[in-house]
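*Asks:*
Number of protein chains: 2
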Amino acid sequence: MSTQDRLIESTRELLWERGYVGTSPKAIQQHAGAGQGSMYHHFKGKPDLALAAIRRTADEMRATAEGVLSTPGSAYARIEAYLRRERDVLRGCPVGRLTMDPDVIASEELRAPVDETLDWLRARLAGIVEEGREQGEFAPSLDAEAIAATIVATVQGGYVLARASGSPAAFDAGVRGLLSLLAPGSTG
Amino acid sequence: MSTQDRLIESTRELLWERGYVGTSPKAIQQHAGAGQGSMYHHFKGKPDLALAAIRRTADEMRATAEGVLSTPGSAYARIEAYLRRERDVLRGCPVGRLTMDPDVIASEELRAPVDETLDWLRARLAGIVEEGREQGEFAPSLDAEAIAATIVATVQGGYVLARASGSPAAFDAGVRGLLSLLAPGSTG
DNA sequence: GTCTATATTGTGATAGAC
DNA sequence: GTCTATCACAATATAGAC
Chain A
1 MSTQDRLIES TRELLWERGY VGTSPKAIQQ HAGAGQGSMY HHFKGKPDLA
51 LAAIRRTADE MRATAEGVLS TPGSAYARIE AYLRRERDVL RGCPVGRLTM
101 DPDVIASEEL RAPVDETLDW LRARLAGIVE EGREQGEFAP SLDAEAIAAT
151 IVATVQGGYV LARASGSPAA FDAGVRGLLS LLAPGSTG
Chain B
189 MSTQDRLIES TRELLWERGY VGTSPKAIQQ HAGAGQGSMY HHFKGKPDLA
239 LAAIRRTADE MRATAEGVLS TPGSAYARIE AYLRRERDVL RGCPVGRLTM
289 DPDVIASEEL RAPVDETLDW LRARLAGIVE EGREQGEFAP SLDAEAIAAT
339 IVATVQGGYV LARASGSPAA FDAGVRGLLS LLAPGSTG
């Protein structure tokens with residue numbers, strides 16, 4: 001792995017762990033085993049390096065989600081697979097956590113990949129929900145876009161509950177509750 | 189308002205805006221119009237002051253939620269009132285956002301009020317859901333604890349989606365989706 | 001209780017040698 | 001491409017005068 005790559009990977013790790021504000025160039029360099037000079041040779045500065053790291057993390061998250069959502073099966077089954085997929089719950093979402101970073105939100109450039117990824121996920125889920133609705137799997141009255149937002153929010157909020165309590169249990173409970181409400185033939 | 193109080197209130201504002209890692213003692217002092225000496229006279233340091241601020245914010249959040257949840261009406265109506273209550277959506281949840289702060293999560297003392305508040309909220313909502321279930325408002329098969337976790341997660345995750353997109357629309361969509369799934373007599 | 005002075009370490013970056 | 005030196009400023013305090 002090139003020094004440039006190690007810098008990006010180290011930044012991804014630290015952004016996930018400590019966020020943008022809590023991650024210093026020095027910490028990145030030490031984690032990557034690179035000197036100041038290397039970092040500033042390959043990147044204009046902290047925001048530039050962070051942008052490369054965020055883009056890579058966002059791409060990876062999208063690919064992972066697509067991998068689960070594009071499996072064969074009913075709409076409900078695919079949504080369940082997405083919700084129950086293995087996760088490092090206590091670490092939280094490497095993309096979603098950036099929304100709590102004031103400097104990321106203040107920067108159009110840094111916020112863009114975060115916004116685009118979550119927006120893509122919502123749209124992808126909305127399509128699946130809509131498919132399920134058309135197939136008679138869900139009630140005809142159901143609003144696919146709204147349900148998709150609920151699904152993504154339950155996951156993102158599940159991380160919050162899990163991290164607050166120091167246990168993945170609350171995340172799992174939130175997912176279980178949502179699935180019980182979505183279950184075909186369920187009355188709540 | 190005493191200097192001590194101004195320090196706490198300033199810390200609350202800054203913790204909400206920038207988180208623990210992003211908030212410096214100097215910024216707090218300037219916001220409060222107090223000198224270094226005052227701050228270190230009233231508080232042992234940044235963690236001590238942050239603890240006072242977090243406790244106050246947590247207490248306030250609990251009181252606000254209880255105010256909405258203790259109104260008369262059906263279980264569904266109270267849950268809807270909670271979900272639709274006026275919020276400064278783009279600012280996010282002043283308690284929930286702290287779960288993304290590495291230094292808060294790393295400290296038993298600082299995490300405790302966050303955990304207790306979200307845990308109280310889940311339990312309070314679970315009680316209301318259970319009431320609704322017993323009254324025949326919801327399906328008998330419904331798991332009150334799980335649904336409560338879903339409700340809190342939808343709110344916390346709604347903030348994430350809203351901040352990512354720079355608009356409250358996604359928060360509102362998530363809430364709408366959840367309410368449509370919970371609606372008495374709904375089939376989804 | 002509040003103020004100013006001082007100290008140590010970290011942050012984020014530039015300059016220029018190798 | 002990588003390294004070390006250097007820099008101005010911020011973070012987080014302590015000390016002691018007032």
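Just so you know, the sequences run in chain order A and B. Positions 1 to 188 (my numbering) are the ones given, in order, by the first sequence. Positions 189 to 376 (my numbering) are the ones given, in order, by the second sequence. The beta carbon of each residue, even a glycine, is placed where N, CA and C say it ideally should be.
Within the continuous alpha helix (DSSP H) that includes A/Ala77, where are the two ends?
*Replies:* Here residue 77 of chain A refers to the residue found at position 77 when the first sequence is read from its first residue. Segment Ala75 to Arg84, the alpha helix (DSSP H) holding A/Ala77.
*Asks:* For B/Leu370, would you say it is in contact with chain A, using Cβ-to-Cβ distances shorter than 8 Å as the test?
*Replies:* For the purposes of this step, residue 370 of chain B is identified with residue 182 of the second sequence, where counting begins at 1. B/Leu370 counts as touching chain A.
*Asks:* Taking the C-alpha atoms as reference points, what is the distance between B/Ile267 and A/Ile128?
*Replies:* Residue mapping note: residue 267 of chain B aligns to position 79 of the second sequence, counting from 1. Residue mapping note: residue 128 of chain A aligns to position 128 of the first sequence, counting from 1. Straight-line Cα distance between these residues: approximately 27 Å.
*Asks:* Taking only beta carbons into account, state which residues of the stretch 314-329 of chain B come closer than 7 Å to chain A, listed in chain order.
*Replies:* Phe326 and Ala327
*Asks:* Leaving out five residues before and five after A/Gln29 in sequence, what residues of the same chain have Cβ atoms less than 6 Å from its Cβ?
*Replies:* On the first sequence, position 29 is the one that residue 29 of chain A refers to. Within the same chain, Cβ atoms closer than 6 Å to the Cβ of A/Gln29 are found at Met39, the five residues on either side in sequence being excluded.
*Asks:* Run the CB neighbour count on A/Ser24, radius 10 Å, all protein chains shown included, and call it buried at 16 or more, exposed below.
*Replies:* One-based indexing of the first sequence puts residue 24 of chain A at position 24. When all chains shown are included, A/Ser24 counts as exposed.
*Asks:* Using the C-alpha atoms, what's the distance from A/Pro47 back to A/Leu121?
*Replies:* The sequence position of residue 121 of chain A within the first sequence is 121, counting from 1. The sequence position of residue 47 of chain A within the first sequence is 47, counting from 1. Going from the Cα of A/Leu121 to the Cα of A/Pro47 covers about 25 Å.
*Asks:* Let me see if you follow: with CB-CB separation under 8 Å, is A/Ser165 close to chain B or not?
*Replies:* Working through the first sequence from its first residue, we reach residue 165 of chain A at position 165. Yes, its Cβ sits closer than 8 Å to a Cβ of chain B.
*Asks:* Using a Cβ-Cβ distance cut-off of 8 Å, determine whether A/Glu13 contacts chain B.
*Replies:* Taking the first sequence and counting its residues from 1, one reaches residue 13 of chain A at position 13. Answer no: the Cβ-Cβ gap between A/Glu13 and chain B never drops below 8 Å.
*Asks:* At the level of alpha carbons, what is the spacing between B/Ala311 and B/Leu366?
*Replies:* By one-based count along the second sequence, residue 311 of chain B stands at place 123. By one-based count along the second sequence, residue 366 of chain B stands at place 178. For B/Ala311 and B/Leu366, the distance between alpha carbons rounds to 18 Å.
*Asks:* Please report the residue range of the alpha helix (DSSP H) in which B/Gly233 lies.
*Replies:* Position 45 of the second sequence holds residue 233 of chain B. First-last for B/Gly233: undefined, no H or E at that position.
*Asks:* Taking the continuous alpha helix (DSSP H) assigned at A/Glu134, which residues delimit it?
*Replies:* The count along the first sequence starts at 1 and reaches residue 134 of chain A at position 134. Glu108 to Glu134 is the span of the alpha helix (DSSP H), which, as asked, contains A/Glu134.
*Asks:* Under a Cβ-count criterion, where at least 16 other Cβ atoms within 10 Å of its own Cβ denotes burial, should B/Thr342 be classed as buried or exposed?
*Replies:* Position 154 of the second sequence holds residue 342 of chain B. Its Cβ being crowded by 16 or more others within 10 Å, B/Thr342 is buried.
*Asks:* Can you check whether the CB of B/Phe359 is closer than 8 Å to the CB of B/Leu369?
*Replies:* Start at 1 with the first residue of the second sequence, and residue 369 of chain B comes out as number 181. Start at 1 with the first residue of the second sequence, and residue 359 of chain B comes out as number 171. Contact flag unset, no.
*Asks:* Against A/Ile147, what residues of chain B qualify as contacts under a CB-to-CB distance less than 8 Å, listed in chain order?
*Replies:* For the purposes of this step, residue 147 of chain A is taken as residue 147 along the first sequence, with counting starting at 1. Here the neighbours are Gly365, Ser368 and Leu369.
*Asks:* Could you tell me the alpha carbon to alpha carbon distance between A/Ser107 and A/Ala146, rounded to whole angstroms?
*Replies:* Here residue 107 of chain A corresponds to residue number 107 of the first sequence, with the count starting at 1. Here residue 146 of chain A corresponds to residue number 146 of the first sequence, with the count starting at 1. So the alpha carbons of these two residues sit roughly 28 Å apart.
*Asks:* Kindly say whether B/Pro235, judged by its beta-carbon, lies nearer than 8 Å to any beta-carbon of chain A.
*Replies:* Here residue 235 of chain B corresponds to residue number 47 of the second sequence, with the count starting at 1. So no, B/Pro235 is outside the interface.
*Asks:* Taking C-beta pairs closer than 9 Å, name the residues in chain B that A/Asp88 reaches, listed in chain order.
*Replies:* As a position in the first sequence, residue 88 of chain A is number 88, starting the count at 1. The contacting residues do not exist; A/Asp88 stays about 14 Å from chain B at best.
*Asks:* Using 8 Å as the threshold, is the C-beta distance between A/Met100 and B/Met288 below it?
*Replies:* The residue you call residue 100 of chain A lines up with position 100 of the first sequence. The residue you call residue 288 of chain B lines up with position 100 of the second sequence. Against a cut-off of 8 Å, the Cβ pair of B/Met288 and A/Met100 comes out as a contact.
*Asks:* Identify the continuous alpha helix (DSSP H) that holds B/Leu202 and give its terminal residues.
*Replies:* Counting from 1 along the second sequence, the entry for residue 202 of chain B is found at position 14. Unbroken alpha helix (DSSP H) run through B/Leu202: Thr191 to Arg206.
*Asks:* May I have the straight-line CA-CA distance separating B/Arg279 from B/Arg206, to the nearest angstrom?
*Replies:* As a position in the second sequence, residue 279 of chain B is number 91, starting the count at 1. As a position in the second sequence, residue 206 of chain B is number 18, starting the count at 1. Between the alpha carbons of B/Arg279 and B/Arg206 lies a gap of roughly 10 Å.
*Asks:* Count the other CB atoms within 10 Å of the CB of B/Ala357; is the residue buried (16 or more) or exposed (fewer)?
*Replies:* In the second sequence, counting from the first residue as 1, residue 357 of chain B sits at position 169. B/Ala357 is exposed by the Cβ-count criterion.
*Asks:* Since A/Ile105 meets chain B, which of its residues come closer than 7 Å, beta carbon to beta carbon?
*Replies:* Here residue 105 of chain A refers to the residue found at position 105 of the first sequence. Under the 7 Å cutoff, chain B gives Arg351.
*Asks:* Among the candidates A/Ile54, A/Arg55, A/Asp59 and A/Arg85, whose CA atom is the shortest distance from the CA of A/Leu69?
*Replies:* Mapped onto the first sequence, residue 69 of chain A falls at position 69. Cα-wise, what sits closest to A/Leu69 is A/Arg85.
*Asks:* Can you tell me whether B/Ala222 is helix, strand or coil according to DSSP?
*Replies:* Sequence index remark: in the second sequence, residue 222 of chain B carries index 34 (1-based). The answer is coil: DSSP assigns B/Ala222 none of H, G, I, E or B.
*Asks:* Given that a residue counts as buried once 16 or more other Cβ atoms are within 10 Å of its Cβ, and exposed if not, what is A/Thr117?
*Replies:* Along the first sequence, one-based indexing puts residue 117 of chain A at 117. A/Thr117 should be labelled buried.
*Asks:* With DSSP as the reference, label A/Leu142 as helix, strand or coil.
*Replies:* Here residue 142 of chain A corresponds to residue number 142 of the first sequence, with the count starting at 1. DSSP places A/Leu142 in coil when its eight states are reduced to three.
*Asks:* Indicate whether at least one CB of chain A lies closer than 8 Å to the CB of B/Pro290.
*Replies:* As a working note, residue 290 of chain B is residue 102 in the second sequence. Nearest CB-CB separation between B/Pro290 and chain A: below the 8 Å threshold.
*Asks:* Mark A/Gln156 as exposed unless 16 or more other C-beta atoms lie within 10 angstroms of its C-beta, in which case mark it buried.
*Replies:* By one-based count along the first sequence, residue 156 of chain A stands at place 156. Buried, since its Cβ has 16 or more Cβ neighbours within 10 Å.
*Asks:* Could you work out which residues of chain A lie near B/Thr342, taking near to mean beta carbons separated by less than 7 Å?
*Replies:* For the purposes of this step, residue 342 of chain B is taken as residue 154 along the second sequence, with counting starting at 1. The contacting residues are Thr150, Ala153, Thr154 and Gly157.
*Asks:* Helix, strand or coil, according to DSSP, for B/Asp291 in the structure here?
*Replies:* As a working note, residue 291 of chain B is residue 103 in the second sequence. In the structure shown, B/Asp291 sits in a helix (DSSP, three-state: H, G or I).
*Asks:* Locate the alpha helix (DSSP H) running through B/Gly365, then write down its first and last residues.
*Replies:* Translated into positions along the second sequence, residue 365 of chain B becomes position 177. Segment Ala357 to Leu370, the alpha helix (DSSP H) holding B/Gly365.
*Asks:* Between A/Ala34 and A/Arg56, is the Cβ-Cβ spacing less than 8 Å?
*Replies:* Looking up residue 34 of chain A in the first sequence gives position 34. Looking up residue 56 of chain A in the first sequence gives position 56. Not a contact, by the Cβ cut-off of 8 Å.
*Asks:* Report yes if the C-beta distance between A/Leu15 and A/Ile54 is below 8 Å; otherwise report no.
*Replies:* As a first step, residue 15 of chain A must be located in the first sequence, where it is residue number 15. As a first step, residue 54 of chain A must be located in the first sequence, where it is residue number 54. Contact: yes.
*Asks:* Within the 8 Å Cβ cut-off, does B/Asp307 reach chain A?
*Replies:* Looking up residue 307 of chain B in the second sequence gives position 119. Yes, because at least one Cβ of chain A sits closer than 8 Å to the Cβ of B/Asp307.
*Asks:* How about B/Gly362 and A/Ala126: are their beta carbons less than 8 Å apart?
*Replies:* Position 174 of the second sequence, counted from the start, is the residue given in the question as residue 362 of chain B. Position 126 of the first sequence, counted from the start, is the residue given in the question as residue 126 of chain A. Not in contact: B/Gly362 and A/Ala126 (Cβ atoms no closer than 8 Å).
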